[in-house]
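A.B. asks: Everything in the sequence shown is counted per this note's numbering, starting at 20 for the first residue and increasing by one.
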Amino acid sequence: MATLSDIALADDLGQFEIKEIYGATHQLLQEMQQAKAEAFPGRINAMINHLKERLQGKAAYPLAVLLETSYLSIQHQLKKDWNSDLKQRQLYLYDNTIETYRGRIPSNVWNQVCLNYAETLVHTGRSIDAQAVLKEMVKDENDPSYQRLNGEFGWTLIFYSTFLPVKAERLGALEKALDLFKTAKTDIKDEKGQALYDERIKLAGNMIDQLGDVDPVKLAQQPEPAADEQRYLNWCAEQQLFLNSGNDIEPDTMAKRDLPLRIQNNAFLGNFLDSLTHEFTAMRRSLYLATNSEEVADDHKMDGDNTRYTKRHEDLKQVYRQAYSLFDKMALLLNQTMQLGVEEPRVNFQRIWFEDEDLKKPLKPFVQNTKNDALKALYWQSKEVYGYEKSDEQSLFVKKALHIRNRIDNSYLQVVEKAEPFEKDNARAQSHHITEAELERMTLAMSQKARNGLMYLQFALAIGKK
Numbered sequence: 020m021a022t023l024s025d026i027a028l029a030d031d032l033g034q035f036e037i038k039e040i041y042g043a044t045h046q047l048l049q050e051m052q053q054a055k056a057e058a059f060p061g062r063i064n065a066m067i068n069h070l071k072e073r074l075q076g077k078a079a080y081p082l083a084v085l086l087e088t089s090y091l092s093i094q095h096q097l098k099k100d101w102n103s104d105l106k107q108r109q110l111y112l113y114d115n116t117i118e119t120y121r122g123r124i125p126s127n128v129w130n131q132v133c134l135n136y137a138e139t140l141v142h143t144g145r146s147i148d149a150q151a152v153l154k155e156m157v158k159d160e161n162d163p164s165y166q167r168l169n170g171e172f173g174w175t176l177i178f179y180s181t182f183l184p185v186k187a188e189r190l191g192a193l194e195k196a197l198d199l200f201k202t203a204k205t206d207i208k209d210e211k212g213q214a215l216y217d218e219r220i221k222l223a224g225n226m227i228d229q230l231g232d233v234d235p236v237k238l239a240q241q242p243e244p245a246a247d248e249q250r251y252l253n254w255c256a257e258q259q260l261f262l263n264s265g266n267d268i269e270p271d272t273m274a275k276r277d278l279p280l281r282i283q284n285n286a287f288l289g290n291f292l293d294s295l296t297h298e299f300t301a302m303r304r305s306l307y308l309a310t311n312s313e314e315v316a317d318d319h320k321m322d323g324d325n326t327r328y329t330k331r332h333e334d335l336k337q338v339y340r341q342a343y344s345l346f347d348k349m350a351l352l353l354n355q356t357m358q359l360g361v362e363e364p365r366v367n368f369q370r371i372w373f374e375d376e377d378l379k380k381p382l383k384p385f386v387q388n389t390k391n392d393a394l395k396a397l398y399w400q401s402k403e404v405y406g407y408e409k410s411d412e413q414s415l416f417v418k419k420a421l422h423i424r425n426r427i428d429n430s431y432l433q434v435v436e437k438a439e440p441f442e443k444d445n446a447r448a449q450s451h452h453i454t455e456a457e458l459e460r461m462t463l464a465m466s467q468k469a470r471n472g473l474m475y476l477q478f479a480l481a482i483g484k485k
């Protein structure tokens, strides 16, 4: 049997089985994490690249990607730069793997990708987005990764609680996390995993004790909604679209209403944030109507064999466009609250973070030197929407999202009933096609990102004021 040194020093890795190389790479990564240096400089990268070549096109390919993300994570920690090119590539790889392999790989591989991605997102401040990734895990009670689902959801709430400005909200998040850790401890079969959640149970308990006395929050009573309105409210909670931290903690028992932040003592900024909130809630209702109402169409005289023209499709396109516009408006509000002094025509969500709004220049001090993790979360979200400027490649999701936006804004986007096989002679027309299911999925995804952005923005403003 080949030893670790045999594999690490071999000129020809093709002589070893894939599982041998995978195991050796995993062991070298563990040693690198502990020693803060590579035992065989350059060999981990070579072994990962070899695995990617041999697994290309196979269901196990994402496992090689996970090794690469682990390698990048350790290197990133050694660099001590929270916005390093290594961190950006790591996030790109996760984002691209999720979009590329959804529904195409075994559940145990998929769940491991989701688990690792969620853990990485948590440490960039994006605990809400980490929850969304965990919700995509496939139920398999015998899968060690799936057994950790409850515990990792609780872990997102530990970090999320640090954003919450109201003690009662923090207590709710921490108590929910504690319950989930206890559930996870019974779900997990291995002793090492159980020990991990023992530690997290103690952490959650200590954080609860540190809160001291907590006054309950009393919400004003609202009239009982009509049946149609109740269905809408339930849908908002299910899709995690309320501007209410309860939607990220207890969506089943939360007060189904928006509880947005209000800016006091500054009429302009207060009105700005209120307007953003109302614009989002109006967009949210439009999305609900477009996805849940009965079909409203013309007489279909313009329909083709695989094409459909309906008002519903046009409504979805409008929601998609509006979701993108909200990001730039968030940047405009940041420009005012942080007193960045950028001229309005130059303000946008992608570039506001950089000196002279130039992606090739360093980050501005307001974000580079900040201790405000919610502000960093907002910065990282801009990467997922517009792409990672330090990465040579962009994820399939970013490419797809920007392509759809460009077609809607500058050309046309044609909804088709089903995806068509590629035809070289029809490639230009097909580049403007999207299935109804994909348009719905992408519009909901962008709306959820806009909602999460507004939540991070509100938390960032509250933390900044504090």
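In this text, a Cβ means the ideal position worked out from N, Cα and C, and glycines have one as well.
CB Leu432 to CB Lys336, shorter than 8 Å?
C.D. replies: yes
A.B. asks: Helix, strand or coil, according to DSSP, for Leu199 in the structure here?
C.D. replies: helix
A.B. asks: Our contact map puts Ile26 next to Ile40 with C-beta atoms below 8 Å; I'd like the distance itself, whole angstroms only.
C.D. replies: The pair is a contact, with the Cβ atoms about 6 Å apart (cut-off 8 Å).
A.B. asks: Go ahead and pull the three-state DSSP assignment for Val434.
C.D. replies: strand
A.B. asks: Span of the beta strand (DSSP E) holding Thr454?
C.D. replies: His452 to Thr454
A.B. asks: Out of Asp277, Ile93 and Glu138, which has the shortest C-alpha to C-alpha gap to Ala239?
C.D. replies: Comparing Cα positions, the closest option is Asp277.
A.B. asks: Hey, would you say Asp117 sits closer than 8 Å to Glu87, going by beta carbons?
C.D. replies: The sequence given here has Ile at residue 117, not Asp. The answer is no: Cβ separation not under 8 Å.
A.B. asks: What does the Cβ neighbour count give for Arg189, buried or exposed, with the cut at 16 atoms within 10 Å?
C.D. replies: buried
A.B. asks: Quick one: what does DSSP say Thr300 is sitting in, helix, strand or coil?
C.D. replies: When secondary structure is reduced to three states using DSSP, Thr300 falls in the helix class.
A.B. asks: Could you check what DSSP says for Leu183 in three-state terms: helix, strand or coil?
C.D. replies: coil
A.B. asks: Assign Leu458 to one of three DSSP states: helix, strand, or coil.
C.D. replies: helix
A.B. asks: Ile227 and Leu199 - do their beta-carbons sit closer together than 8 Å?
C.D. replies: no
A.B. asks: What are the start and end residues of the alpha helix (DSSP H) that includes Met226?
C.D. replies: Glu210 to Leu230
A.B. asks: Under 7 Å from any heavy atom of the ligand FAD, does the C-beta of Ile67 make it?
C.D. replies: Judged by which ligands are present, the structure shown has none, so any question about the ligand FAD falls away.
A.B. asks: Measuring alpha carbon to alpha carbon, tell me which of Ile427, Arg424 and Ile453 ends up nearest Ala438.
C.D. replies: Ile453
A.B. asks: With 16 as the cutoff for other CB atoms within 10 Å, does Leu230 come out buried or exposed?
C.D. replies: Its Cβ having fewer than 16 others within 10 Å, Leu230 is exposed.
A.B. asks: Look up Phe373 in the DSSP assignment and give the residues it is bridged to.
C.D. replies: Leu382
A.B. asks: Run through DSSP, which three-state label would Thr310 get?
C.D. replies: Three-state DSSP puts Thr310 in a helix.
A.B. asks: Can you tell me whether DSSP reads Thr119 as helix, strand or coil?
C.D. replies: helix
A.B. asks: Which residues in the same chain have their Cβ closer than 6 Å to the Cβ of Ser466, if we skip the five residues on either side of it in sequence?
C.D. replies: The answer, listed in chain order, is Leu306 and Ala342.
A.B. asks: Alpha carbon to alpha carbon, how far is Leu308 from Leu362? Give it in angstroms, no decimals.
C.D. replies: Checking the displayed sequence, the identity of residue 362 turns out to be Glu instead of Leu. C-alpha separation (whole angstroms): 37 Å.
A.B. asks: My output table needs one value for Thr272: the three-state DSSP class, helix, strand or coil.
C.D. replies: Here Thr272 sits in coil by DSSP.
A.B. asks: Once the 5 residues before and after Arg167 are set aside, which same chain residues still bring their CB inside 8 Å of it?
C.D. replies: Leu134, Ala203, Asp206, Ile207 and Gly212
A.B. asks: Mark Asp1 as exposed unless 16 or more other C-beta atoms lie within 10 angstroms of its C-beta, in which case mark it buried.
C.D. replies: Lying before the first or after the last residue shown, residue 1 is absent from the chain, which here runs from 20 to 485.
A.B. asks: Within its chain, find whatever has a CB closer than 8 Å to the CB of Gly14; leave out the 5 residues flanking it on each side and keep chain order.
C.D. replies: Here the chain comprises residues numbered 20 to 485, so residue 14 is not present and cannot be evaluated.
A.B. asks: Gln477: buried (16+ other C-beta within 10 angstroms of its C-beta) or exposed?
C.D. replies: buried
A.B. asks: Taking the straight line between their C-alpha atoms, what separation do you get for Gln494 and Ala469?
C.D. replies: What is shown of the chain runs 20 to 485, which leaves residue 494 out entirely.
A.B. asks: What residue range is occupied by the uninterrupted alpha helix (DSSP H) comprising Glu50?
C.D. replies: From DSSP, the alpha helix (DSSP H) with Glu50 extends over Ile37 to Ala54.
A.B. asks: In this structure, does DSSP put Thr143 in helix, strand or coil?
C.D. replies: coil
A.B. asks: When you compare each of Val434, Asn429, Pro381 and Leu222 to Ser103 by their alpha carbons, which one comes out closest?
C.D. replies: Closest in alpha carbon position to Ser103, among Val434, Asn429, Pro381 and Leu222, is Pro381.
A.B. asks: Cβ of Leu288 within 8 Å of Cβ of Thr356?
C.D. replies: yes
A.B. asks: Figure out for me which residue from Asp234, Tyr398, Glu269 and Pro163 has the closest Cα to the Cα of Arg370.
C.D. replies: Sorting Asp234, Tyr398, Glu269 and Pro163 by C-alpha distance to the C-alpha of Arg370 places Tyr398 at the top.
A.B. asks: Please classify Lys395 as buried or exposed, where buried requires at least 16 other C-beta atoms within 10 Å of its C-beta.
C.D. replies: buried
A.B. asks: Does DSSP classify Thr175 as helix, strand or coil?
C.D. replies: Judged by DSSP in its simplified three-state form, Thr175 adopts helix.
A.B. asks: What does the alpha-carbon distance come out to for the pair Asp375 and Ser410?
C.D. replies: 20 Å
A.B. asks: To the nearest angstrom, report how far apart Asn253 and Asn130 are at their CA atoms.
C.D. replies: Answer to the nearest angstrom: the Cα atoms are 27 Å apart.
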